[in-house]
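Following this note's numbering, the numbering of the sequence shown begins with 1 at its first residue and continues without gaps.
Ideal Cβ positions, reconstructed from N, Cα and C, are used throughout, including at glycine.
Note that the structure is predicted; figures quoted are calculated from it, not measured.
Okay, structure first, notes after.
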Amino acid sequence: MIIRNGNVVFKDSVEKKDILVSGGKILRIADCLPANGDPEIDATGKHVFPGFIDMHVHLRDPGYEHKEDIESGAKAAVKGGFTQICCMPNTNPIMDNKVVVSYVKHKAQEVNLCKIHPIGAITKGEKGEQLAEIGEMKAAGAVAISDDGVSVRNSRLMYLAMEYASGFDIKCLCHCEDKELVDGGVVNEGLSSTIAGLKGIPRAAEDIMIARDIALAESLDVPVHICHVSTHSGVRLIRDAKKAGVKVTAETCPHYFAATDELVRTFDTNTKVNPPIREEMDKQAILDGLVDGTLDCIVTDHAPHHINDKNVEYNLAAFGISGIETSFGFAITYLYKSGVLSLCEIADKMSANPAKILGLQGGEIKEGAVADLTIADLDEKWTVDPAKFVSKGKNNPFGGYVLDGVVKYTIVDGEIKYQA
């Protein structure tokens with residue numbers, strides 16, 4: 001196919017170009033390609049991004065298919081503009097062995113929408129007692145390891161996990177949370193938790209584990225990736241570690257750069273997420289961290305739940321936001337249109353950096369690259385309506401928000417997988 005007249009988002013510039021796609025690759029990029037009888041997409045007035053890569057999603061399959069399954073998750077992903085997603089291991093059974101990893105890989109191939117990369121567990125059953133079979137999971141297709149949902153509390157075990165993972169050339173993705181400090185908390189500890197009468201989670205619960213995992217990575221001189229950073233102090237720890245030469249990368253999510261914990265005063269259980277949405281100073285620090293490169297990636301931490309998991313009192317509700325269909329809109333509205341990041345920087349955070357961190361193909365538009373592309377209209381406005389989500393998870397607290405940026409086409413390996 002030929003994509004015509006699109007504003008193409010390259011690594012360092014945005015230029016009006018035609019793109020010829022053939023055999024799943026970007027064959028040629030030019031000012032004006034001759035018609036050759038191939039199908040054409042008119043991208044006039046629209047922007048062509050490298051296909052977005054979400055390195056932190058929950059697909060709930062196997063075991064919790066009533067919340068989400070690989071097919072519904074993949075459909076939601078391509079609607080959101082994602083050509084590749086990486087799914088966390090807190091399934092049932094836990095993805096801690098090559099059998100479950102292979103199951104996800106094969107089911108993803110059957111669905112044949114976006115590319116789905118499994119993330120294996122660090123420990124067996126995510127219990128934090130014994131290391132999982134890292135080498136076997138890598139051979140079966142796992143691109144990283146994580147006990148996401150829980151921290152590995154045993155520092156010696158985490159040290160060994162980082163050492164082994166480095167030997168297999170994959171990274172540990174660290175969910176940083178001191179359970180004892182959380183102590184049953186459900187929202188950020190601060191004014192809003194006091195007003196709402198809800199038990200708070202101090203920033204230190206996240207920061208202590210960020211500091212520990214940075215210290216382990218520095219001691220071993222191996223890479224480590226910090227998941228869903230939410231605190232101003234966590235951003236500072238990561239910034240200082242990077243300056244000191246520690247091989248640390250980090251991610252954050254739209255709900256941390258677009259919202260504050262004032263939302264929890266409504267008692268809407270869809271605002272309950274782990275780590276919690278925090279205060280204005282944290283939001284500003286997250287934005288600063290995105291600008292200066294402290295935070296490398298924007299992920300969704302897409303955590304779909306059945307309505308019964310959220311339609312209960314706040315303390316009993318499940319943690320998580322279903323966010324894969326709103327992420328791009330939040331990035332355009334709260335980062336690009338507000339002047340925080342350029343389109344090239346957003347492409348870095350949502351495509352190039354995730355690809356680089358996990359060693360995936362894609363992430364950049366250039367001749368010879370894989371033809372994973374997202375075409376979007378940045379000026380079209382739309383209103384968030386969770387009831388209309390393709391995902392089974394309708395648990396999103398931003399219903400009624402008006403966002404800029406609508407995905408028009410999602411192209412994977414040169415094939416249109418989603419068209420608005």
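- Relative to LEU341, the option among ILE321, LYS366 and ILE298 whose CA is nearest is ILE298.
- Out of ASP207, HIS66, ALA347 and HIS56, the CA that lies nearest to the CA of GLY120 is found in HIS56.
- Below 8 Å, too few C-beta pairs join the segment 374-392 and the segment 125-140 to call them touching: fewer than three.
- Between the alpha carbons of PRO354 and GLY339 lies a distance of about 22 Å.
- In the structure shown, the three-state DSSP call for LYS16 is strand.
- CYS176 carries a coil assignment under DSSP once its states are collapsed to helix, strand and coil.
- For GLU380, the uninterrupted beta strand (DSSP E) segment begins and ends at 373-383.
- Each of MET88, THR91 and LEU290 was checked against the Cα of VAL229, and the nearest Cα belongs to LEU290.
- Shown here, GLU126 sits in a helix according to DSSP, grouped into three states.
- Taking a contact to require three or more Cβ pairs closer than 8 Å, the segment 326-338 and the segment 86-97 do not qualify as touching.
- ALA161 carries a helical assignment under DSSP once its states are collapsed to helix, strand and coil.
- Burial check for GLY323: the Cβ neighbour count within 10 Å reaches 16 or more, so the residue is buried.
- Looking at the backbone, the Cα of ASP61 and that of PRO276 are separated by about 24 Å.
- For THR194, the enclosing alpha helix (DSSP H) stretches over residues 191-196.
- When beta bridges are read from the DSSP output, ASN7 appears opposite LYS16 and HIS47.
- The Cβ neighbour count for MET281, taken over all protein chains shown within 10 Å, is under 16; the residue is labelled exposed.
- The secondary-structure analysis by DSSP pairs PHE52 across a beta bridge with PHE82.
- Across the set ASP12, THR44 and ILE29, the C-alpha of THR44 shows the shortest separation from the C-alpha of ASP377.
- If you draw a straight line from the Cα of LYS417 to the Cα of PHE82, it comes to about 10 Å.
- Residue burial is scored here from C-beta neighbours: GLU279 has at least 16 other C-beta atoms within 10 angstroms and is therefore classed as buried.
- Look at GLN109 here: in three-state DSSP terms it is helix.
- Under the criterion of beta carbons closer than 8 Å, VAL14 and VAL8 qualify as touching, at roughly 7 Å.
- The segment 197-214 and the segment 180-189 touch, with three or more beta-carbon pairs separated by less than 8 Å.
- For ALA420, the CB contacts under 6 Å within the same chain, skipping 5 residues up- and downstream, are LYS408 in chain order.
- Residue range 224-226 is occupied by the beta strand (DSSP E) that includes HIS225.
- Annotation: the continuous beta strand (DSSP E) that includes GLN419 extends over 415-419.
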